[in-house]
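Heads up: the structure comes next, in structure tokens.
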Amino acid sequence: IVLDPFETMPSFKHSLILSSLKDSYILGFDHWYKRYYSFYHPHDECLKEHMSTRAIEILKHIYGEGKFSTNYDLHLPVDVEDKIKEFIGDTRIVIINPLGAKKICRLTFEQIKVIYQEVKTHFENYRIIFTGLPQDLLTIPILEIETLPFDEFIYTVALTKYSDFVISVDTALVHIAAAYHKPTLAFYPNSRTPEYPSHLIWS
């Protein structure tokens with residue numbers, strides 16, 4: 003079974019890959035490639051619910067109607083978790099992840115400043131820790147912001163587990179926060195088409 007779970011812009015390379023899978027059963031959701039699928043699922047058409055519901059649709063198609071768990075299972079190495087617990091101690095944490103990998107998923111410096119000041123005002127006794135790529139965090143024009151002293155992303159995962167609130171433009175961190183049931187404020191750019199509302203689908 004081959005899954006093609008996301009809608010993309012038309013791509014000749016994508017078409018070539020799908021056309022080479024003639025001996026496979028292909029379950030797809032992208033209307034651009036209907037002719038290559040064994041079964042086209044219309045879940046993407048006027049989608050108005052979170053993308054995670056797609057996993058349920060896939061499981062239903064494969065196994066039939068029933069109840070399915072789509073809970074995340076994130077493994078954290080014990081040493082990583084211990085270092086984060088030692089780093090935060092008994093403090094309460096708000097994470098701000100303001101600069102995503104894509105240019106379209108980045109807050110402006112002015113937006114970052116406003117959010118930072120709002121968090122400082124409303125979360126007075128909390129530590130505010132910025133996460134993201136180290137080279138990106140160095141560009142933020144706020145004096146003495148706190149960042150993680152660890153470069154590997156797994157430490158951000160552990161920090162999220164022990165945080166109290168997450169603010170993020172990064173989809174990965176939003177999903178990690180969801181796995182640990184953390185209150186989250188997610189920022190997404192407007193989608194290119196009104197039929198595919200990013201803020202509903204991804205946040």
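One point on numbering: in this note's numbering, the residue at position 195 of the sequence shown is 197, and numbering is uninterrupted.
Virtual Cβ for every residue (Gly too), placed ideally from N, Cα, C.
Predicted model only: the values in this text are computed from it and were never measured.
Between the options, which has its C-alpha nearest residue i's C-alpha?
i	options	result
D81	S17, L161, A57, G30	L161
I156	P79, Y35, K115, V121	P79
P7	S22, F41, D25, K15	F41
I64	H177, I28, L145	I28
S22	Y39, M11, I60	Y39
K122	K36, V96, E51, F31	V96
K105	E47, P143, L187, D172	D172
I117	R108, Y128, I98	I98
In its own chain, which residues sit with a C-beta less than 7 Å from the C-beta of residue i, not counting the 5 before and 5 after it?
i	result
Y182	T162, K163
Check residue i in the structure and name its three-state DSSP category.
i	result
L101	strand
E88	helix
F14	helix
I144	coil
If you follow the alpha helix (DSSP H) that residue i is part of, which residue opens it and which one closes it?
i	result
T55	55-65
L175	173-181
Closer than 6 Å to a non-hydrogen atom of the ligand ZN - does that hold for the CB of residue i?
i	result
K115	As for the ligand ZN, it is missing from this structure, which has no ligand bound.
In the DSSP assignment, the beta strand (DSSP E) including residue i goes from what residue to what residue?
i	result
I114	Element bounds for I114: not the beta strand (DSSP E) but the alpha helix (DSSP H), 111-124.
D6	4-6
Y35	Segment: none, Y35 is in no beta strand (DSSP E) and carries neither H nor E.
L161	L161 -> not in any beta strand (DSSP E); alpha helix (DSSP H) instead, spanning 155-163.
Could you please give me the residues that DSSP links to residue i through a beta bridge?
i	result
V168	I97, T186
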